[in-house]
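Using numbering that gives the first Met the number 0, the letters of the sequence shown map in sequence onto residues 0 to 561.
All residues carry an ideal CB built from backbone N, CA and C; glycine is no exception.
As the structure is a prediction and not an experimental result, all values here were calculated from the model.
Structure first, commentary second.
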Amino acid sequence: MSDPAAAETPLLDDSVKGCLDFKGRPVHRSSSGGWTSASFIIAVEVAERFAYYGISSNLITYLTGPLGLSTAAAAAQVNAWSGVATLLPLLGAFLADSFLGRYRTIILASLVYILGLGLLTLSATLPSVTTSGAPNADNLTLNTSSMLQYQVILFFFSLYLVAFGQGGHKPCVQAFGADQFDAEHPVECKAKSSFFNWWYFSIAAGILLTLLILNYIQENLSWVLGFAIPAIVMAVGLLVFVLGTMTYRFSVKGDEESPFVRIGRVFILAIRNRKIASSEIATEESLKQFKFLDKALLAPDSTMEQGKVCSMREVEEAKAVLRLAPIWATCLIYAVVFAQTSTLFTKQGATMDRSITRGIEIPAATLQCFISFSILLFIPIYDRIVVPLARAFTGKPGGITTLQRIGTGIAVSAIAMVIAALVEMKRLQTAREHGLVDKPNVTVPMRVWWLVPQYSLCGLSDVLAIVGLQEFYYDQMPNELRSIGIALYLSILGVGSFLSSFLISVIETVTGKDGRDSWFADNLNRAHLDYFYWLLAALSALGLALYVYSARSYIYARRSTS
Numbered sequence: 000m001s002d003p004a005a006a007e008t009p010l011l012d013d014s015v016k017g018c019l020d021f022k023g024r025p026v027h028r029s030s031s032g033g034w035t036s037a038s039f040i041i042a043v044e045v046a047e048r049f050a051y052y053g054i055s056s057n058l059i060t061y062l063t064g065p066l067g068l069s070t071a072a073a074a075a076q077v078n079a080w081s082g083v084a085t086l087l088p089l090l091g092a093f094l095a096d097s098f099l100g101r102y103r104t105i106i107l108a109s110l111v112y113i114l115g116l117g118l119l120t121l122s123a124t125l126p127s128v129t130t131s132g133a134p135n136a137d138n139l140t141l142n143t144s145s146m147l148q149y150q151v152i153l154f155f156f157s158l159y160l161v162a163f164g165q166g167g168h169k170p171c172v173q174a175f176g177a178d179q180f181d182a183e184h185p186v187e188c189k190a191k192s193s194f195f196n197w198w199y200f201s202i203a204a205g206i207l208l209t210l211l212i213l214n215y216i217q218e219n220l221s222w223v224l225g226f227a228i229p230a231i232v233m234a235v236g237l238l239v240f241v242l243g244t245m246t247y248r249f250s251v252k253g254d255e256e257s258p259f260v261r262i263g264r265v266f267i268l269a270i271r272n273r274k275i276a277s278s279e280i281a282t283e284e285s286l287k288q289f290k291f292l293d294k295a296l297l298a299p300d301s302t303m304e305q306g307k308v309c310s311m312r313e314v315e316e317a318k319a320v321l322r323l324a325p326i327w328a329t330c331l332i333y334a335v336v337f338a339q340t341s342t343l344f345t346k347q348g349a350t351m352d353r354s355i356t357r358g359i360e361i362p363a364a365t366l367q368c369f370i371s372f373s374i375l376l377f378i379p380i381y382d383r384i385v386v387p388l389a390r391a392f393t394g395k396p397g398g399i400t401t402l403q404r405i406g407t408g409i410a411v412s413a414i415a416m417v418i419a420a421l422v423e424m425k426r427l428q429t430a431r432e433h434g435l436v437d438k439p440n441v442t443v444p445m446r447v448w449w450l451v452p453q454y455s456l457c458g459l460s461d462v463l464a465i466v467g468l469q470e471f472y473y474d475q476m477p478n479e480l481r482s483i484g485i486a487l488y489l490s491i492l493g494v495g496s497f498l499s500s501f502l503i504s505v506i507e508t509v510t511g512k513d514g515r516d517s518w519f520a521d522n523l524n525r526a527h528l529d530y531f532y533w534l535l536a537a538l539s540a541l542g543l544a545l546y547v548y549s550a551r552s553y554i555y556a557r558r559s560t561s
């Protein structure tokens, strides 16, 4: 029941429609949600990203070092784990949106996460290839080999346990954080748009700490300590998240059917009624796209028999989900570019002059810090300067639409690939001029700072495209499926990682025939990463054109007032 007085003073202690507190009572705007609640949720996400990148950023080093895997085998394992870790959120989101709810899923997933990190730490305490030595006695050799086998089994079990924990945690925590802002309230609607910006800003800060501190500890002090610290940080993050429970807003789920059941029924009835003439559909207002789904409004006998047809709202929910498919597909090339920053960019930098002063060099993996620095620089500029200026002209809470933001990010990533190709051409030329073509272990006399522009542009691209995708997929999914929306955005990066591996494998096979040096030869002075970057720039331009075509025909989902 609405109160006229409360309606006239929306900023006072009025109830938030469609939300309850942790005890199932109506919540009041002044004592719940907003940035206070979001701060607790952001804290656990920073802890999770610190833990995740504490494992992923240096995983190939651990696999090729203590575990003794070959470079090729280690790279395959890293790609497989990364792909699985970014696709599992689809399962976690399904469980959250259908059964457990986001809050419970975050708690359970965090516990699984901590267990995986704890077992990972335990596996690192077992004897490894680099510590086991070479005993002369046969029985000692067998014991060492057996212990190493157990270590590998325990390590990979723990690693995929972390992936499962991440799969439940990642899609729910961001959706739950955005739930703390009321999209129907003018002030909180603007705050929600800023939330996605500052969310990514906080994540970048956590990743930066990982790259600067944790990688050094793992490689120079102890892998046990390097795995234990993420476990401790994750446990502290979970504690902070639980402390905010009394301030959280919980969306009312209601007694309606599962959204998966509703949407699935629309497609089933539309297929069953495919032979019914469209003229028999009631002339109600409907979205122009995907008109074949409108046939779900009719029962098979062409009568509007109660209980056997779908409502207009259910049909529009199905259309909203289906409309996301072209946007998802046209962003995959961007995801392929996104995957290069932690692989080929690092190899590129490893050949260059990385010295700061005499005897001190920047580790190649630490070059990724430039992306984080770029994100930390550009997000405040975008949120505090660009958005208000754009809002003054467009009147939109976010300044520009999310699709415009994503498209701009894709364009910037294409420019980053052009810059990367030009820098690589300069590096190869420098290597030739100094006679280093057949001396891959000699540093090319070219400062690593040449890579800063491409890293910085990738960071700016992330600010625009990644944050835009997060907000877009959260906002455009039906209310009960917003965790799935976040998972769909993550699946773009997961599939992009697999596509990148596939593309590199095909090019490696084709260009390395008959004993020739491939584009990805181990000797980078004979390789042609520049060709690959030009190819990605061209594919990015094609992907951007397809994206613009899809975005121009996209119809934003209507938001129900209920």
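Closest to residue i by C-alpha separation, out of the options, would be which residue?
{"i": "P477", "options": "A319, I106, I113, S221", "result": "A319"}
{"i": "V602", "options": "V494, D513, S517", "result": "Outside the shown range of the chain, which is 0 to 561, sits residue 602, and nothing can be said about it."}
{"i": "I370", "options": "F337, L119, Q173", "result": "F337"}
{"i": "A123", "options": "L492, L66, F93", "result": "L66"}
{"i": "I105", "options": "A174, A182, L119, T63", "result": "A174"}
{"i": "V15", "options": "T120, A182, Q150, V161", "result": "A182"}
{"i": "E218", "options": "I374, A79, G64", "result": "G64"}
{"i": "S192", "options": "L463, L456, L489", "result": "L463"}
{"i": "L492", "options": "T510, E507, V466, Q475", "result": "V466"}
{"i": "W198", "options": "V335, L125, E47", "result": "E47"}
{"i": "V26", "options": "A50, L119, D178, F154", "result": "D178"}
{"i": "F39", "options": "T365, L468, L237", "result": "L237"}
{"i": "L502", "options": "T356, L207, R273, L538", "result": "L538"}
{"i": "I326", "options": "A391, L213, G484", "result": "G484"}
{"i": "L498", "options": "R431, R390, V335", "result": "V335"}
{"i": "T35", "options": "V547, F180, A526", "result": "F180"}
{"i": "H168", "options": "G91, L489, Y381, G263", "result": "G91"}
{"i": "V239", "options": "L119, H184, I41", "result": "I41"}
{"i": "A419", "options": "Q288, S221, L534", "result": "L534"}
Using 8 Å for Cβ pairs, my map puts residue i next to residue j. What's the rounded Cβ distance?
{"i": "S482", "j": "D96", "result": "5 Å"}
{"i": "E313", "j": "R248", "result": "Actually they do not touch by this definition, with Cβ atoms about 26 Å apart."}
{"i": "A84", "j": "G166", "result": "7 Å"}
{"i": "V161", "j": "G115", "result": "4 Å"}
{"i": "G542", "j": "I332", "result": "3 Å"}
{"i": "N524", "j": "V436", "result": "5 Å"}
{"i": "V235", "j": "D352", "result": "That belief does not hold up - the Cβ atoms of V235 and D352 are roughly 39 Å apart, past 8 Å."}
{"i": "S500", "j": "N78", "result": "5 Å"}
{"i": "Y454", "j": "S373", "result": "7 Å"}
{"i": "K294", "j": "I275", "result": "6 Å"}
{"i": "I405", "j": "F471", "result": "7 Å"}
Which residues does DSSP pair with residue i in a beta bridge?
{"i": "P25", "result": "L19"}
{"i": "F249", "result": "L19"}
{"i": "E360", "result": "S354"}
{"i": "S14", "result": "H27"}
Residue range of the beta strand (DSSP E) that residue i falls in?
{"i": "R481", "result": "It is not in any beta strand (DSSP E) - R481 instead sits in the alpha helix (DSSP H) that spans 481-510."}
{"i": "P444", "result": "443-446"}
{"i": "I355", "result": "354-356"}
Is the Cβ-Cβ distance between residue i and residue j less than 8 Å?
{"i": "F21", "j": "T244", "result": "yes"}
{"i": "M416", "j": "Y530", "result": "no"}
{"i": "G164", "j": "S109", "result": "yes"}
{"i": "V411", "j": "S460", "result": "yes"}
{"i": "A317", "j": "F266", "result": "yes"}
{"i": "L450", "j": "F344", "result": "yes"}
{"i": "G82", "j": "S496", "result": "yes"}
{"i": "P396", "j": "C188", "result": "yes"}
{"i": "I216", "j": "L210", "result": "no"}
{"i": "G53", "j": "P229", "result": "yes"}
{"i": "I202", "j": "V45", "result": "yes"}
{"i": "V563", "j": "T350", "result": "Coverage of the chain is limited to positions 0 through 561, which leaves residue 563 absent and any answer about it impossible."}
{"i": "A227", "j": "T120", "result": "yes"}
At what residues does the alpha helix (DSSP H) containing residue i begin and finish?
{"i": "I54", "result": "33-55"}
{"i": "F240", "result": "222-242"}
{"i": "V386", "result": "386-393"}
{"i": "W198", "result": "185-208"}
{"i": "I216", "result": "214-219"}
{"i": "T124", "result": "First-last for T124: undefined, no H or E at that position."}
{"i": "M595", "result": "Summary: the structure shown does not reach residue 595, with the chain confined to residues 0 through 561, and so no result is reported for it."}
{"i": "F377", "result": "368-380"}
{"i": "G467", "result": "466-475"}
{"i": "Y546", "result": "528-551"}
{"i": "A569", "result": "Residue 569 lies beyond the residue range present for the chain, which begins at 0 and ends at 561; the question has no answer from this structure."}
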